[in-house]
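K.L.:
Going by the UniProt record's numbering, the residue at position 70 of the sequence shown is 70; the numbering climbs one at a time, nothing skipped.
We treat Cβ as the ideally placed atom computed from N, Cα and C, and that holds for glycine.
I have a structure I would like to understand better, so I am pasting it below and will then ask my questions one at a time.
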Amino acid sequence: MEKWLKDDERLDYLLAENLRIIQSPSVFSFSLDAVLLSKFVNIPYHKGKIVDLCSGNGVIPLFLSARTKGEITGVEIQPRLFDMAERSIHYNQLENQIQMILGDVKEIPKHLGIEQYDVVTCNPPYFLAHEASDKNLSEHHAIARHELYLTLEEAIQSASKLLKQGGKAAFVHRPGRLLDIVTAMRANRLEPKRMQLIYPKEGKEANTLLIEGIKDGKPDLKILPPLYVYDGNNEYTAEVRDILYGKEQ
């Protein structure tokens with residue numbers, strides 16, 4: 001086990017997928033948002049080329065590998081997170097399906113090729129560069145959470161460049177940026193087709209937005225039923241338990 005882990009890292013289970021992932025409380029640990037996005041996006045099962053932008057420690061590529069036999073490419077700008085993702089991929093023996101690229105999302109279409117991909121997913125930084133979500137963030141967390149190196153518009157622009165006509169792009173973000181997201185998607189030939197709002201519990205405001213668009217698609221947005229994370233007893237709802245742990249037999 002020691003050869004796989006560094007410093008304060010740990011090996012966590014991705015329970016529904018029967019996979020393991022390397023995490024670190026001081027460097028990076030994935031959130032529920034990544035899990036929700038990986039389950040929300042429509043992906044082809046038998047083949048296809050998929051790119052995940054802002055991959056962090058590789059959590060979304062790992063989740064997607066359980067849903068498809070297609071090729072998956074993850075893109076991460078931080079060397080430390082890229083290294084964690086690489087080791088997780090090798091630990092799970094998925095190097096023949098998933099490859100990680102250390103690079104800038106803004107430049108990645110030139111590297112990977114224009115209009116070569118069927119699906120793009122992205123869990124981008126949520127906060128504007130000047131917003132203080134947490135003044136005690138480590139550098140790794142600050143880059144992952146704030147638009148220091150990548151803005152929402154730049155992420156959407158890169159996703160569109162990577163996608164073939166008719167390809168799908170899916171994003172997770174904050175509901176407060178909905179109009180910015182839709183505006184940027186349409187400006188980059190991504191027509192919003194499916195959207196879902198995630199609520200902490202009934203009676204609370206939505207705090208997460210999932211949205212999927214089709215490149216050069218026709219206007220027709222479907223709003224999916226709301227998803228509630230916790231029930232009245234502050235325990236995961238049945239829907240979220242199924243997402244995290246797999247459907248109970």
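(1) To which residues does DSSP link residue 250 through a beta bridge?
(2) Expressed to the nearest angstrom, what Euclidean distance is found between the alpha-carbon atoms of Asp-220 and Glu-191?
(3) Can you round the beta-carbon distance between Gln-165 and Asp-216 to whole angstroms, since I take them to be within the 8 Å contact cut?
(4) Find the nearest neighbour of Lys-49 within the set Ser-31, Asn-92, Ser-88, Gly-113, judged by alpha-carbon distance.
(5) Under a three-way DSSP split, which group does Val-41 fall into?
(6) Assess contact between the region 206-214 and the region 240-248, defined as three or more Cβ pairs (one per stretch) separated by less than 8 Å. Is contact present?
(7) According to DSSP, what are the bridge partners of Gly-74?
(8) Evaluate Glu-205 with the Cβ neighbour count: other Cβ atoms within 10 Å of its Cβ, from every protein chain shown; 16 or more gives buried, anything less gives exposed.
(9) Who does Ile-60 pair with in a DSSP beta bridge?
(10) Which value, in whole angstroms, describes the spacing of the CA atoms of Asp-180 and Lys-193?
(11) Give the straight-line distance between the Cα atoms of Asn-92 and Leu-19, rounded to the nearest whole angstrom.
(12) Apart from the five residues on each side of it in sequence, which residues of its chain come closer than 8 Å, Cβ to Cβ, to Leu-62?
(13) For Lys-39, which residues in the same chain have their Cβ closer than 6 Å to its Cβ, ignoring the five residues on either side in sequence?
(14) Counting C-beta neighbours from all protein chains within 10 Å, is the total for Ala-187 16 or more, i.e. buried, or is it exposed?
(15) Can you find the residues in the same chain that come closer than 6 Å, C-beta to C-beta, to Gly-176, ignoring five residues on each side of it along the sequence?
(16) Just the Cα atoms here: how many angstroms apart are Gly-232 and Ser-29?
P.N.:
Let me spell this out:
(1) Since the first and last residues shown for the chain are 1 and 249, residue 250 lies out of range.
(2) 8 Å
(3) 5 Å
(4) Gly-113
(5) coil
(6) no
(7) Asp-52, Met-100
(8) exposed
(9) Per DSSP, none; premise fails for Ile-60.
(10) 16 Å
(11) 7 Å
(12) Leu-14, Glu-17, Leu-19, Ile-21, Ser-88, Ile-89, Asn-92, Leu-94, Ile-98
(13) Ile-243
(14) exposed
(15) none
(16) 27 Å
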